[in-house]
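Numbering (full-length UniProt numbering), first residue to last: 1 to 224.
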């Protein structure tokens, strides 16, 4: 069954070009020209990936991202002509998983989208990871804290899964960035730090399981 991409872009020509490229790759494509329409489509149809412009009529992309994250960890790729670093970090803090600055070539956009989708689909073994009060299911992509569900974004889940699979080992920032976003990632250490900060906030009292190793990276340590 083909995966479904929701493209949210107010520029008709750009939206149609992007739609055609994804359709040619075999994806089902939904399209929205403003934020409110995007939320309505998202609620009505199962979506595997959202490509979300920031500067939208009715409701901007940041607001859409914030509302989607209240109920879903679907991968969100922010697409914008704004390249300011603070805008990028705000997107990540709201739960975006990747960020592409316009203009960008459709093949690049598709490659980045495929990476997000591959990360999401690559958990088919049903393997369970356990670290103290934290239980992570790679197949269902769910996390339990003291037996209670903990809602994580796509990227927050990836970070936690990678660290738990390498329990006790120090993973450099470069290793984490390359594993999650690939060698062509345009962000920097601040992007990773933002996601780790959000993850720790959601882990609450269990946040100390993610240890910062100065001038090196991070590691997962099981807490009693």
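For glycine and all other residues, C-beta sits at the position ideal for the given N, C-alpha and C.
Cα-Cα separation, residue i to residue j
i, j, result
"residue 43", "residue 71", "10 Å"
"residue 93", "residue 159", "15 Å"
"residue 179", "residue 144", "24 Å"
"residue 101", "residue 90", "14 Å"
"residue 154", "residue 18", "23 Å"
"residue 73", "residue 67", "11 Å"
"residue 192", "residue 176", "8 Å"
"residue 37", "residue 181", "29 Å"
"residue 50", "residue 77", "6 Å"
"residue 172", "residue 98", "20 Å"
"residue 69", "residue 32", "18 Å"
"residue 127", "residue 13", "44 Å"
"residue 168", "residue 55", "42 Å"
"residue 15", "residue 105", "13 Å"
"residue 134", "residue 197", "17 Å"
"residue 174", "residue 103", "26 Å"
"residue 147", "residue 59", "36 Å"
Residues near residue i by beta carbon distance below 7 Å, same chain, minus five either side
i, result
"residue 53", "8, 9, 10, 61, 79, 80"
"residue 123", "Here the model assigns residue 123 a pLDDT of 49, short of 50, so the residue's position is not dependable, and the following value carries that caveat. Excluding residues within five positions, the ones whose Cβ falls inside 7 Å are 138, 139, 141."
"residue 208", "223"
"residue 125", "Unreliable placement is indicated for residue 125, whose pLDDT of 47 sits below 50; the coordinate value is still reported in the next sentence. 138, 139, listed in sequence order."
"residue 95", "65, 69, 76, 153"
Residue of the options minimising C-alpha distance to residue i
i, options, result
"residue 34", "48, 57, 181", "57"
"residue 205", "75, 214, 224, 115", "224"
"residue 46", "2, 63, 13", "2"
"residue 156", "103, 135, 172, 195", "195"
"residue 25", "171, 197, 216, 110", "110"
"residue 107", "197, 21, 167, 150", "21"
"residue 129", "147, 197, 165, 59", "165"
Any C-beta of chain D under 8 Å from that of residue i
i, result
"residue 34", "The structure shown has no chain D; it contains just one protein chain."
Close-in-space but distant-in-sequence residues of the same chain around residue i (CB under 6 Å, 5 per side omitted)
i, result
"residue 222", "131, 132"
"residue 23", "29"
"residue 170", "213, 216, 217, 219"
"residue 115", "182"
"residue 149", "none"
Residues near residue i by beta carbon distance below 8 Å, same chain, minus five either side
i, result
"residue 152", "73, 143, 160, 199, 202"
"residue 48", "3, 4, 5, 74, 75, 117, 120"
"residue 27", "2, 3, 4, 5"
Distance between beta carbons of residue j and residue i, contact taken as under 8 Å
i, j, result
"residue 64", "residue 41", "The Cβ separation is near 11 Å, so there is no contact."
"residue 136", "residue 220", "About 10 Å; that fails the 8 Å criterion."
"residue 113", "residue 210", "Between residue 210 and residue 113 the Cβ distance is about 28 Å, and since that is not below 8 Å, they are no contact."
Quiz item: Residue ranges of each beta strand (DSSP E) run of no fewer than 3 residues wholly in the UniProt domain "Response regulatory" (4-117), ordered along the chain?
Solution: 4-8, 28-32, 49-53, 76-80, 98-101
Exercise. May I have a chain-ordered list of the beta strand (DSSP E) segments no shorter than 3 residues that lie completely inside the UniProt domain "OmpR/PhoB-type" (125-222)?
Key: 128-131, 134-137, 142-145, 210-213, 217-220
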